[in-house]
DNA sequence: AGCACGCCGACT
DNA sequence: GTCGGCGTGCTC
């Protein structure tokens with residue numbers, strides 16, 4: 000046995016590189032070089048932070064030595080590492096980058112170079128390390144007994160205050176920031192007090208608490224109805240059993256899902272376990288955090304991308320130290336360093352915002368199941384309109400199915416009606432909708448008008464030659480935004496000033512076809528001049544608080560009619576809304592995406608759910624060119640089962656399996672001669688698939704010819720959106736004849752992990 | 001990702 | 001003559 004063998008470690012580097020690297024650990028660092036710590040390593044001619052994975056048995060070649068161990072204690076546990084490895088493997092992403100993404104931002108050291116001028120005037124390049132931890136230290140003050148001398152003036156006031164505190168608590172300390180808040184600027188006085196030995200001082204780490212100044216009241220568990228009790232009972236039973244148990248909580252809008260979450264979490268806490276709650280958007284966290292703070296007296300941490308690096312790091316440390324038992328946040332909260340998780344809630348599990356689409360591409364809804372499995376936790380996927388995938392998994396018995404078919408407090412579901420707009424294309428509102436809005440205004444109810452198209456006109460046609468204005472990059476039609484006075488591409492943000500001349504015939508007459516929210520807002524104002532009208536979409540809510548401002552106006556009743564895009568469909572609870580009008584349900588129905596029916600059903604159901612949540616019943620009118628489409632007919636009938644049955648049948652028929660989030664293509668055991676054939680077959684299949692496709696391409700075997708950008712890699716993945724389909728064809732083209740020996744190419748698609756657990 | 005090495009075009 | 005363009009290759 001050699002002594003050095005034990006001192007070889009495996010290190011993951013946060014760079015887009017396959018594989019890990021091995022280093023020697025110098026003797027003095029051995030006790031500190033634990034798995035889960037960050038280490039500073041020489042890498043090429045740079046110094047980088049890597050993550051120590053564990054000891055390695057032996058390694059070939061010359062090894063470099065670790066320069067330093069950067070942490071006193073591991074940042075991640077073996078369990079967490081296992082989770083990171085799962086992610087790296089599933090999403091084909093380097094482990095080092097996965098770990099970096101999972102840990103709070105801004106704590107890594109990297110070498111940088113700086114040009115300095117030496118004393119003799121010659122420039123020198125100095126290497127230094129940038130980045131690093133981000134702990135806030137604050138100075139605390141406490142009175143000492145029997146001060147030898149007392150100052151006068153403000154100094155005396157401060158001293159008397161500190162002495163007063165000391166009487167009730169020997170160890171009472173006050174931060175400099177608190178003293179300055181109380182006494183105004185007083186740094187010189189404080190320094191003087193320390194100098195006089197009347198006050199002692201110490202530095203402590205402090206947390207930056209995003210909710211510090213808010214005061215929360217207390218509330219109590221609400222009475223559950225029968226279905227809520229049944230759902231809660233099954234979750235509680237699973238928690239007591241203590242093993243992995245995934246559930247789909249299918250509760251109609253307004254059915255009280257949150258109360259089920261709260262009471263289930265209470266059970267987990269009683270069992271001394273912790274809880275993780277994921278919400279789709281930052282905008283929804285404050286509302287929910289308030290509700291949790293009123294209900295629970297334990298530590299609650301919040302994690303989302305709206306926090307500063309410092310705040311996030313502080314919340315992370317609180318969680319790691321076990322000072323928070325509940326974590327609430329957006330998708331990145333999935334990586335909260337909670338120990339012994341008992342329950343993971345994924346609220347509005349159907350929301351697309353659970354997908355991370357930059358860097359490590361992951362879906363927090365999927366990974367919640369994986370983390371839950373590893374932790375032996377209950378995982379509750381909650382939604383009024385679950386993913387087809389989830390519903391299918393529930394049917395197959397892979398997810399426990401918990402149903403809340405009724406609204407709480409015996410509120411009825413809104414009365415709904417489809418309005419056929421065929422042959423009435425010029426009208427924004429059919430007479431029935433106009434009348435319903437008038438009636439609703441008369442009785443003082445609020446109205447939501449939903450249209451999933453921003454801007455003023457969505458289709459710009461030249462009167463003279465019929466040319467349609469399109470984006471030169473994306474081929475999509477340009478949308479006219481009256482507010483900005485520009486023609487804008489909603490795909491890439493390319494824009495032209497308006498009014499524009501026709502690019503082909505230089506004609507000046509451009510007809511504005513198609514309606515966006517801007518035009519609907521204008522029409523509503525013309526038609527209902529006395530109504531107070533507001534608009535909510537990406538354009539009208541730009542900047543911080545824009546979103547909250549519109550919602551506040553709706554809440555306090557200063558808006559009668561709100562026009563908006565899907566933003567208005569999301570989980571807000573406004574008791575004053577009694578009428579919902581869908582201007583056109585067709586925009587989302589005709590998107591080139593194999594999930595357009597699913598999306599439309601979800602969107603229409605969600606927006607319908609905003610109606611009648613208060614004391615008065617709600618009414619919904621849906622205008623469409625396709626009233627017999629099953630997504631719409633089932634939505635307005637509140638017939639979930641019917642819709643899911645039909646959609647699952649459709650998926651099976653067209654070959655988009657209902658257990659896959661994306662479409663599936665698998666090619667295995669292909670040798671060089673079959674490659675061309677398979678590329679052609681893949682291209683043919685891909686033409687049939689609409690929407691987004693993520694392909695994992697694995698080549699097992701030697702690659703002998705250049706493969707464009709992917710040369711030298713044996714595994715990679717490509718995400719292909721509709722308009723990038725040609726990019727995939729290019730890659731597949733490159734695959735042809737690239738293998739001198741029989742190889743295996745597998746093109747695999749994302750499958751819901753619940754199918755694999 | 002960086003950073004070096006290397007091999008060709010337009011510059012003081 | 002060399003400065004710098006980015007193609008290619010490597011990092012324990």
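In my numbering, the protein residues as written are 0 to 756. Glycine included, C-beta positions come from ideal geometry on N, C-alpha and C.
In the DSSP assignment, the beta strand (DSSP E) including residue 430 goes from what residue to what residue? Along the first chain, read from residue 1 onward, the residue named residue 430 stands at position 431. In the DSSP assignment, residue 430 falls outside any beta strand (DSSP E) and within the unbroken alpha helix (DSSP H) covering 430-441.
Quick one: what's got a C-beta closer than 7 angstroms to residue 185's C-beta in the same chain, skipping five residues either side? Counting from 1 along the first chain, the entry for residue 185 is found at position 186. Here the set comprises 153, 157, 178, 179.
Contact between the segment 311-330 and the segment 96-107: three or more CB pairs below 8 angstroms? Judged by Cβ distances under 8 angstroms, the segment 311-330 makes contact with the segment 96-107, as three or more pairs qualify.
Assess, as a yes-or-no matter, whether the segment 634-641 is touched by the segment 437-452 under the definition of 3 or more beta carbon pairs within less than 8 angstroms. Taking a contact to require three or more Cβ pairs closer than 8 angstroms, the segment 437-452 and the segment 634-641 do not qualify as touching.
For residue 262, count neighbouring C-beta atoms within 10 Å of its own C-beta (all shown protein chains included) and say buried if the count is 16 or more, exposed if not. Taking the first residue of the first chain as 1, we reach residue 262 at position 263. Buried.
Could you name each continuous beta strand (DSSP E) segment of 3 residues or more that falls completely within the segment 166-219, going from the start of the chain to the end? Entirely contained in the segment 166-219, the beta strand (DSSP E) runs reaching 3 residues are, in chain order, 198-205.
In whole angstroms, give me the CA-to-CA distance for residue 641 and residue 338. Position 642 of the first chain, counted from the first residue, corresponds to residue 641. Position 339 of the first chain, counted from the first residue, corresponds to residue 338. Roughly 41 angstroms separates the two Cα atoms.
Rounded to whole angstroms, how far is the Cβ of residue 383 from the Cβ of residue 618, which I believe are closer than 8 angstroms? One-based indexing of the first chain puts residue 383 at position 384. One-based indexing of the first chain puts residue 618 at position 619. Actually they do not touch by this definition, with Cβ atoms about 18 angstroms apart.
Got a sec? Which residues, its chain only, sit under 6 angstroms from residue 92 by beta carbon, not counting five neighbours each side? Numbered from its first residue, the first chain carries residue 92 at position 93. Non-local beta-carbon contacts of residue 92 in its own chain, meaning distances under 6 angstroms to residues more than five positions away in sequence, involve 359 in chain order.
Cβ of residue 498 within 7 angstroms of Cβ of residue 485? Here the question's residue 498 lines up with position 499 in the first chain. Here the question's residue 485 lines up with position 486 in the first chain. No.
Does residue 464 pass the burial test, meaning 16 or more other C-beta atoms within 10 Å, or should it be called exposed? Along the first chain, one-based indexing puts residue 464 at 465. Of the residues assessed, residue 464 falls on the exposed side of the cut-off, its CB having fewer than 16 other CB atoms within 10 angstroms.
With distances taken from CA atoms, which of 55, 11, 44, 80 is nearest residue 336? One-based indexing of the first chain puts residue 336 at position 337. In this structure, 80 is the residue among 55, 11, 44, 80 with its C-alpha nearest to the C-alpha of residue 336.
Going by beta carbon distance, what residues of the same chain come within less than 7 angstroms of residue 533, once the five residues before and after it are set aside? Sequence index remark: in the first chain, residue 533 carries index 534 (1-based). Cβ neighbours of residue 533 within its own chain (closer than 7 angstroms, five residues either side excluded): 549, 552, 558, 561.
Please state the DSSP three-state secondary structure of residue 9. If you number the first chain from 1, residue 9 lands on position 10. Three-state DSSP puts residue 9 in a strand.
Roughly how many whole angstroms lie between the Cα atoms of residue 666 and residue 275? Taking the first chain and counting its residues from 1, one reaches residue 666 at position 667. Taking the first chain and counting its residues from 1, one reaches residue 275 at position 276. At residue 666, the pLDDT of 42 sits below 50, so the modelled position is not reliable; the number obtained from the coordinates is stated separately. Taking the straight line from one Cα to the other gives about 38 angstroms.
Measuring straight from C-alpha to C-alpha, what distance separates residue 57 and residue 252? As a working mapping, residue 57 is identified with position 58 in the first chain. As a working mapping, residue 252 is identified with position 253 in the first chain. Between residue 57 and residue 252, the C-alpha separation is close to 58 angstroms.
Within 10 Å of its beta-carbon, does residue 708 have 16 or more other beta-carbons around it, so buried, or fewer, so exposed? What you label residue 708 is simply residue 709 of the first chain in a count that begins at 1. Here residue 708 scores only 33 on pLDDT, less than 50, and its place in the model should not be relied on; the value that follows carries that caveat. With fewer than 16 Cβ atoms within 10 Å of its Cβ, residue 708 is classed as exposed.
Could you say which of 161, 369, 584, 45 lies nearest to residue 626 if we only look at CA atoms? What you label residue 626 is simply residue 627 of the first chain in a count that begins at 1. When each option's Cα is compared against that of residue 626, the closest is 584.
When the Cα of residue 613 is compared with those of 504, 597, 412, which residue comes out closest? On the first chain, position 614 is the one that residue 613 refers to. The shortest C-alpha separation from residue 613 is found at 412.
Quick one: give me the first and last residue of the alpha helix (DSSP H) that residue 234 is part of. By 1-based counting over the first chain, the position of residue 234 is 235. Per DSSP, residue 234 belongs to the alpha helix (DSSP H) from 225-240.
Mind the definition here: the segment 570-580 touches the segment 314-326 only if three or more C-beta pairs lie below 8 angstroms; say whether that holds. With fewer than three CB-CB distances shorter than 8 angstroms, the segment 570-580 does not count as touching the segment 314-326.
How long is the line joining the alpha carbons of residue 342 and residue 435, rounded to whole angstroms? In the first chain, the residue the question calls residue 342 occupies position 343. In the first chain, the residue the question calls residue 435 occupies position 436. Residue 342 and residue 435 have their C-alpha atoms spaced approximately 44 angstroms apart.
For residue 151, count neighbouring C-beta atoms within 10 Å of its own C-beta (all shown protein chains included) and say buried if the count is 16 or more, exposed if not. Residue numbering aside, residue 151 sits at position 152 when the first chain is read from its first letter. Exposed.
From residue 169 to residue 159, what does the alpha carbon distance come to, in whole angstroms? If you number the first chain from 1, residue 169 lands on position 170. If you number the first chain from 1, residue 159 lands on position 160. Rounded to the nearest angstrom, the two C-alpha atoms are 15 angstroms apart.
What residue range is occupied by the uninterrupted beta strand (DSSP E) comprising residue 137? Residue 137 sits at position 138 when you count from the first residue of the first chain. In this chain, the beta strand (DSSP E) harbouring residue 137 covers 135-142.
Could you give the C-beta distance for residue 363 and residue 277, rounded to a whole number, given that I count them as a contact under 8 angstroms? The count along the first chain starts at 1 and reaches residue 363 at position 364. The count along the first chain starts at 1 and reaches residue 277 at position 278. So it is a contact: roughly 6 angstroms between Cβ atoms.
What residues are listed by DSSP as bridge partners for residue 30? In the first chain, the residue the question calls residue 30 occupies position 31. DSSP lists no bridge partner for residue 30.
Assess contact between the segment 187-196 and the segment 223-237, defined as three or more Cβ pairs (one per stretch) separated by less than 8 angstroms. Is contact present? Contact between the segment 187-196 and the segment 223-237 is absent: fewer than three C-beta pairs spanning the two stretches fall below 8 angstroms.
If you follow the alpha helix (DSSP H) that residue 53 is part of, which residue opens it and which one closes it? For the purposes of this step, residue 53 is identified with residue 54 of the first chain, where counting begins at 1. No alpha helix (DSSP H) contains residue 53, which is instead part of the beta strand (DSSP E) from 45-54.
Taking DSSP as the reference, what is the three-state secondary structure of residue 580? Locating residue 580 in the first chain gives position 581, counting from the first residue. In this structure, residue 580 counts as strand in the three-state DSSP scheme.
Which of helix, strand or coil DSSP assigns to residue 64: Sequence index remark: in the first chain, residue 64 carries index 65 (1-based). If DSSP states are grouped into helix, strand and coil, residue 64 belongs with the strands.
May I have the straight-line CA-CA distance separating residue 61 from residue 8, to the nearest angstrom? Numbered from 1 along the first chain, position 62 holds the residue referred to as residue 61. Numbered from 1 along the first chain, position 9 holds the residue referred to as residue 8. Between residue 61 and residue 8, the alpha-carbon positions lie close to 13 angstroms from each other.
Starting from the Cα of residue 82, find the closest Cα among 334, 502, 505 and give me that residue. Within the first chain, residue 82 is the residue found at index 83, counting from 1. When only C-alpha atoms are compared, the closest one is 334.
So what does residue 449 bridge to, in DSSP terms? By 1-based counting over the first chain, the position of residue 449 is 450. When DSSP reads this structure, residue 449 sits in a beta bridge with 563, 581.
Relative to the alpha-carbon of residue 431, which residue among 569, 409, 425, 416 has its alpha-carbon at the smallest distance? Counted from its first residue, the first chain places residue 431 at position 432. It is 416 whose Cα lies nearest to the Cα of residue 431.
Let me know the secondary structure DSSP gives residue 285 once reduced to three states. The sequence position of residue 285 within the first chain is 286, counting from 1. It is helical.
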